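**Student:**
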Amino acid sequence: MSCGVYFGRWLIEGGPLVVLLDVGASAWALERWKGELWETCSIGVPWYDREANDAVLFGFLTTWFLGEFLAQSEEKPHVVAHFHEWLAGIGLCLCRARRLPVATIFTTHATLLGRYLCAGAVDFYNNLENVKKLSKQSYCERRPSPPIPDIVTPNGLNVKKFSAMHEFQNLHAQSKARIQEFVRGHFYGHLDFNLDKTLYFFIAGRYEFSNKGADVFLEALARLNYLLRVNGSEQTVVAFFIMPARTNNFNVETLKGQAVRKQLWDTANTVKEKFGRKLYESLLVGSLPDMNKMLDKEDFTMMKRAIFATQRQSFPPVCTHNMLDDSSDPILTTIRRIGLFNSSADRVKVIFHPEFLSSTSPLLPVDYEEFVRGCHLGVFPSYYEPWGYTPAECTVMGIPSISTNLSGFGCFMEEHIADPSAYGIYILDRRFRSLDDSCSQLTSFLYSFCQQSRRQRIIQRNRTERLSDLLDWKYLGRYYMSARHMALAKAFPEHFTYEPHEADATQGYRYPRPASVPPSPSLSRHSSPHQSEDEEEPRDGPPDEDGERYDEDEEAAKDRRNIRAPEWPRRASCTSSTSGSKRGSVDTGPSSSLSTPSEPLSPASSLGEERN
Numbered sequence: 001m002s003c004g005v006y007f008g009r010w011l012i013e014g015g016p017l018v019v020l021l022d023v024g025a026s027a028w029a030l031e032r033w034k035g036e037l038w039e040t041c042s043i044g045v046p047w048y049d050r051e052a053n054d055a056v057l058f059g060f061l062t063t064w065f066l067g068e069f070l071a072q073s074e075e076k077p078h079v080v081a082h083f084h085e086w087l088a089g090i091g092l093c094l095c096r097a098r099r100l101p102v103a104t105i106f107t108t109h110a111t112l113l114g115r116y117l118c119a120g121a122v123d124f125y126n127n128l129e130n131v132k133k134l135s136k137q138s139y140c141e142r143r144p145s146p147p148i149p150d151i152v153t154p155n156g157l158n159v160k161k162f163s164a165m166h167e168f169q170n171l172h173a174q175s176k177a178r179i180q181e182f183v184r185g186h187f188y189g190h191l192d193f194n195l196d197k198t199l200y201f202f203i204a205g206r207y208e209f210s211n212k213g214a215d216v217f218l219e220a221l222a223r224l225n226y227l228l229r230v231n232g233s234e235q236t237v238v239a240f241f242i243m244p245a246r247t248n249n250f251n252v253e254t255l256k257g258q259a260v261r262k263q264l265w266d267t268a269n270t271v272k273e274k275f276g277r278k279l280y281e282s283l284l285v286g287s288l289p290d291m292n293k294m295l296d297k298e299d300f301t302m303m304k305r306a307i308f309a310t311q312r313q314s315f316p317p318v319c320t321h322n323m324l325d326d327s328s329d330p331i332l333t334t335i336r337r338i339g340l341f342n343s344s345a346d347r348v349k350v351i352f353h354p355e356f357l358s359s360t361s362p363l364l365p366v367d368y369e370e371f372v373r374g375c376h377l378g379v380f381p382s383y384y385e386p387w388g389y390t391p392a393e394c395t396v397m398g399i400p401s402i403s404t405n406l407s408g409f410g411c412f413m414e415e416h417i418a419d420p421s422a423y424g425i426y427i428l429d430r431r432f433r434s435l436d437d438s439c440s441q442l443t444s445f446l447y448s449f450c451q452q453s454r455r456q457r458i459i460q461r462n463r464t465e466r467l468s469d470l471l472d473w474k475y476l477g478r479y480y481m482s483a484r485h486m487a488l489a490k491a492f493p494e495h496f497t498y499e500p501h502e503a504d505a506t507q508g509y510r511y512p513r514p515a516s517v518p519p520s521p522s523l524s525r526h527s528s529p530h531q532s533e534d535e536e537e538p539r540d541g542p543p544d545e546d547g548e549r550y551d552e553d554e555e556a557a558k559d560r561r562n563i564r565a566p567e568w569p570r571r572a573s574c575t576s577s578t579s580g581s582k583r584g585s586v587d588t589g590p591s592s593s594l595s596t597p598s599e600p601l602s603p604a605s606s607l608g609e610e611r612n
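Numbering (the UniProt record's numbering), first residue to last: 1 to 612.
Here is the structure:
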């Protein structure tokens, strides 16, 4: 018997050691292992389920590897094996069945049952006690995990990867310029709005229409469109939906728009070069140019052709691709109902991009990180979101976002920020409000954001970026360390002890409400008749629009003083009883290395639930 095993380093930051197990090369043992799984754990796996078959193969290979590792080690190590989700959970079952001396950690990031029930219009959160239905296969493979987690571990980010220090405002302007180029091409012939007064909102993630809150977002956009129109606002909102769906090709009109934009750019450059050459020659002989002779008839003909090429009768397309199920697609169906067709009268434009972003795309050649930096607001009104990486990524890049109190991220921010909206974290109430009330609240958030001046948005982005420390692994990794200690104490009580302590009220970190420059719209009259519209970082010195002096460095220092080491969920004293004052040796198993490639502190909770 043999299987394919590869050992090396993961080519990412930190270069962790990894062991890769070739599942396909072990298919010869599938039927025998299925029989053993039934005999030892009473778990049956249907032969036609490819996903379940791979889970069986991986589980047995993992257990086999751990057993060989323990048997061939000269000094018996204390191994912590971390299993993520039911796809890897069979290995946990077999470790127990074979009584391997391994401390096990099981983490679930989300549940299929929760996803399906929330997507099926079930009042999930008000009927948790009545949720009894569970598919047999999912039940069998999840059964070894306990119903209540020992620790809930919030997910951190490698903040250093996204850090741009004082450059993130410049990066926002550069990325926004690339998005504007796409918008110029997409709306050619109907570009009757001012791009300098245009805000870019977006929602991104797995295409789960109701779970991700796309239904609430669309309804709020329709109401926002009405408010902007009746109030005569000059602001325009372009809302992007970045959700992968089934397509067969790019939309021809969308490709044509980018081609027309490029043609206009080339025409303008050609005329500019001829104009510049004639101007140079005129100045060289010491005379002012005759403006009537700077452009000849050929130049005017070329420009008129370019202008006529931008004319079109149809509205700009809502979707950038050709959808396979256009008539039944949830987003497109809702757009038809609410009537957001990108007409000239609409102040809210919608662009559905049913494909993940890539810098090699012929339409929008930017990667996801660059796209997020160029937007003004991320909107994630999720109904089912155990954690939520997308708003967290917005935060570390200095982009305000809207989350909900049904997401782990939203609850985490409410716990640690006295006034989240002042820091660009808007928390939508979807737990205690009806769907219609939640839509109204989201509309209020969006409309108030549209009323902010550029200066207020810049100040808010500065504050949002300062929240990065809350999401750094160097703080949140302590939850995972505590989980490791708990697992070791349960598996090896003769060597390790775990002493939970109540968290002290003075521990942890909490951002207070900012003392100056509220980000709400200012209605006071400006001291000069013309307000500067340059999107520059505000300088220290003169008072702001509300007559209050604002010092960015001073505000940052105040905020960072509120960041202290967070409390342990259960502070652990993990010591070795055989070595006196020395700590027991801990050897993290290969699966832990695989599960946390980005940071050394990120193995997850002991039989816990991870907010993901």
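Even for Gly, the Cβ is constructed at its ideal location relative to N, Cα and C. Quick caveat: nothing in here was measured; it's all calculated off a predicted structure.
(1) Using C-beta distances below 6 Å, list every residue in its chain close to phenylalanine 182, excluding the 5 sequence neighbours before and after it, in chain order.
(2) For isoleucine 335, is the classification buried or exposed, using 16 other Cβ atoms within 10 angstroms of its Cβ as the cut-off for buried?
(3) Alpha carbon to alpha carbon, how far is glycine 374 from glutamine 174? Give it in angstroms, no decimals.
(4) Output needed for leucine 221: all residues of its chain with C-beta closer than 6 Å, excluding positions within five of it in sequence on either side, in chain order.
(5) Counting along the chain, where does the beta strand (DSSP E) carrying leucine 442 start and finish?
(6) Name, in chain order, the residues that DSSP records as bridge partners for phenylalanine 106.
(7) Can you pull the DSSP bridge partners for lysine 349?
(8) Looking at residue 625: is its Cβ nearer than 8 Å to the Cβ of serine 358?
(9) Determine the burial state of aspartate 196: buried for a count of at least 16 other Cβ atoms within 10 Å of its Cβ, exposed for fewer.
(10) Report yes if the C-beta distance between proline 362 and leucine 255 is below 8 Å; otherwise report no.
(11) With 16 as the cutoff for other CB atoms within 10 Å, does arginine 305 come out buried or exposed?
(12) To the nearest angstrom, how far is the alpha carbon of valine 56 from that of leucine 11?
(13) Rounded to a whole number of angstroms, what is the C-alpha to C-alpha distance between glutamate 494 and proline 420?
(14) Pick helix, strand or coil for alanine 418, following the three-state DSSP scheme.
(15) On the DSSP letters alone, give me the boundaries of the beta strand (DSSP E) that methionine 243 sits inside.
(16) Contact between the segment 194 to 213 and the segment 377 to 394: three or more CB pairs below 8 Å?
(17) Please determine, among Trp473, His109 and Tyr226, the residue with the shortest C-alpha to C-alpha distance to alanine 88.
(18) Give the secondary structure of aspartate 384 by DSSP, where H, G and I count as helix, E and B as strand, and everything else as coil.
(19) Within 10 angstroms of the Cβ of glutamine 441, are there 16 or more other Cβ atoms? Answer buried if so, exposed if not.
(20) Compare the C-alpha of serine 448 against each of Leu224, Ile417 and Val285 and name the closest.
(21) Could you pull out every unbroken alpha helix (DSSP H) segment of at least 4 residues lying fully inside the segment 23 to 78, listed in chain order?
(22) My guess is that leucine 471 and leucine 157 are in contact by the Cβ rule of under 8 Å, so how many angstroms apart are they, rounded?
(23) Just the Cα atoms here: how many angstroms apart are cysteine 439 and glycine 477?
(24) Can the beta-carbon of leucine 100 be found closer than 8 Å to that of glycine 67?
(25) Expressed to the nearest angstrom, what Euclidean distance is found between the alpha-carbon atoms of threonine 320 and asparagine 248?
(26) For methionine 397, does the three-state DSSP call read helix, strand or coil?
(27) In whole angstroms, what separates the C-alpha of aspartate 346 from that of histidine 84?
(28) Residue range of the alpha helix (DSSP H) that isoleucine 338 falls in?
(29) Would the beta-carbon of phenylalanine 445 fall within 8 Å of that of isoleucine 417?
(30) By Cβ distance, which residues of its chain are closer than 8 Å to serine 26, with the 5 residues on each side in sequence left out?
(31) State yes or no: is the C-beta of phenylalanine 492 within less than 8 Å of the C-beta of histidine 78?
(32) Taking DSSP's pairing of strands, which residues face cysteine 319 in a bridge?
(33) Using 8 Å as the threshold, is the C-beta distance between phenylalanine 496 and valine 379 below it?
(34) Quick one, are the C-beta atoms of glycine 398 and arginine 461 less than 8 Å apart?
(35) Run through DSSP, which three-state label would proline 362 get?
(36) Quick one: give me the first and last residue of the alpha helix (DSSP H) that isoleucine 179 is part of.
**Tutor:** Taking the definition as stated:
(1) Leu364
(2) buried
(3) 7 Å
(4) Ala239 and Val348
(5) Segment 435 to 450 is the alpha helix (DSSP H) holding leucine 442; no beta strand (DSSP E) there.
(6) Phe83
(7) Val238
(8) An answer regarding residue 625 cannot be provided, because it is not within the stretch 1 to 612 covered by the chain.
(9) exposed
(10) yes
(11) exposed
(12) 28 Å
(13) 46 Å
(14) coil
(15) Per DSSP, methionine 243 belongs to no beta strand (DSSP E) and is neither H nor E.
(16) yes
(17) His109
(18) Here residue 384 is tyrosine; the residue named in the question, aspartate, does not match the sequence. Residue state, collapsed to three classes: coil.
(19) buried
(20) Leu224
(21) 30 to 41 and 50 to 72
(22) 5 Å
(23) 35 Å
(24) yes
(25) 11 Å
(26) coil
(27) 46 Å
(28) 330 to 338
(29) no
(30) Cys3, Gly4, Leu57, Phe60 and Leu61
(31) yes
(32) Phe352
(33) no
(34) yes
(35) coil
(36) 168 to 186
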